[in-house]
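Each remark here refers to the structure printed beneath this line.
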Amino acid sequence: DQQVKQNSPSLSVQEGRISILNCDYTNSMFDYFLWYKKYPAEGPTFLISISSIKDKNEDGRFTVFLNKSAKHLSLHIVPSQPGDSAVYFCAASYNTDKLIFGTGTRLQVFP
Amino acid sequence: EAQVTQNPRYLITVTGKKLTVTCSQNMNHEYMSWYRQDPGLGLRQIYYSMNVEVTDKGDVPEGYKVSRKEKRNFPLILESPSPNQTSLYFCASRIGTGGMYEQYFGPGTRLTVT
Numbered sequence: 001d002q003q004v005k006q007n008s009p010s011l012s013v014q015e016g017r018i019s020i021l022n023c024d025y026t027n028s029m030f031d032y033f034l035w036y037k038k039y040p041a042e043g044p045t046f047l048i049s050i051s052s053i054k055d056k057n058e059d060g061r062f063t064v065f066l067n068k069s070a071k072h073l074s075l076h077i078v079p080s081q082p083g084d085s086a087v088y089f090c091a092a093s094y095n096t097d098k099l100i101f102g103t104g105t106r107l108q109v110f111p
Numbered sequence: 001e002a003q004v005t006q007n008p009r010y011l012i013t014v015t016g017k018k019l020t021v022t023c024s025q026n027m028n029h030e031y032m033s034w035y036r037q038d039p040g041l042g043l044r045q046i047y048y049s050m051n052v053e054v055t056d057k058g059d060v061p062e063g064y065k066v067s068r069k070e071k072r073n074f075p076l077i078l079e080s081p082s083p084n085q086t087s088l089y090f091c092a093s094r095i096g097t098g099g100m101y102e103q104y105f106g107p108g109t110r111l112t113v114t
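Structural data, given as structure tokens:
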């Protein structure tokens, strides 16, 4: 049973436009949500997180939105840059020691 | 430089031949974890350790063993590898338990079992 779902395997966006990556979850006990970015031949790197008590967190060009009633979070990248091309994983945490990852969305930003 | 290192980066082996993938972190982190990444399945946790001599199963522990004798090292052991363990493996560490803490990942080990 996939508790964290990323239903779009890929997304293509023009440079300068907004990229919106989506993530749905099923477990209402999740208390933290995180986004990781992964380039080929490298390990994932942390991008941004949000606590379940908030509905928005912003860090430069990256904003994460959390809609608890819909069990949905999204990552907005504005403006998108070619260097943002990577695979993005959302992850959710509960009971402190488990981190459940989604299947990933491959973002391609073209000129 | 703060980092998580894994060795080897690439490994091709045969069914049944025991192997160990090493993982080491230089950040004095208490929490360490192993994941495998498979197409369409994302990252799945194999084992984790909250401190020295404290380990527990993740979501896909079958066929794997771990040990945590020192804080910095967390090796992954495959006693009798099988082809379904062909995967990309990542070691990760973070300063403590709790979802608010950022996890640092190693560069990955691509394992092929024939």
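Chains as they are written, first to last, in the numbering used here: chain A, 1 to 111; chain B, 1 to 114.
The beta carbon of each residue, even a glycine, is placed where N, CA and C say it ideally should be.
The structure displayed is predicted, hence computed values, not measured ones.
- Look at A:P44: its C-beta is under 7 Å from a C-beta on chain B.
- At least one CB atom of chain B sits nearer than 7 Å to the CB of A:T103.
- Looking at the DSSP output, B:D56 shares a beta bridge with B:Y48.
- In this structure, A:A86 and A:K37 form a Cβ contact; the two beta carbons are roughly 5 Å apart against a cut-off of 8 Å.
- Contact annotation: in the region 43-76 of chain B, residues whose CB is within less than 9 Å of a CB in chain A are L43, R44, Q45, Y48, M50, D56, G58, D59.
- Apart from the 5 residues on each side of it in sequence, B:A2 sits with its Cβ closer than 6 Å to the Cβ of M27 in its chain, given in chain order.
- Contact between A:V4 and A:G104 is absent: CB atoms are separated by about 11 Å, not below the 8 Å threshold.
- Neighbourhood of A:F89 in chain B, by CB distance below 7 Å: G42, L43, in chain order.
- Bridge pairing for A:K56: A:F65 [DSSP].
- Two segments are said to touch when three or more pairs of C-beta atoms, one from each, lie closer than 8 Å; by this definition the region 11-20 of chain B does not touch the region 56-64 of chain B.
- Setting aside the 5 residues that flank it on each side, A:D31 is surrounded in the same chain by S52, Y94, each with a C-beta closer than 6 Å to its C-beta; the list follows chain order.
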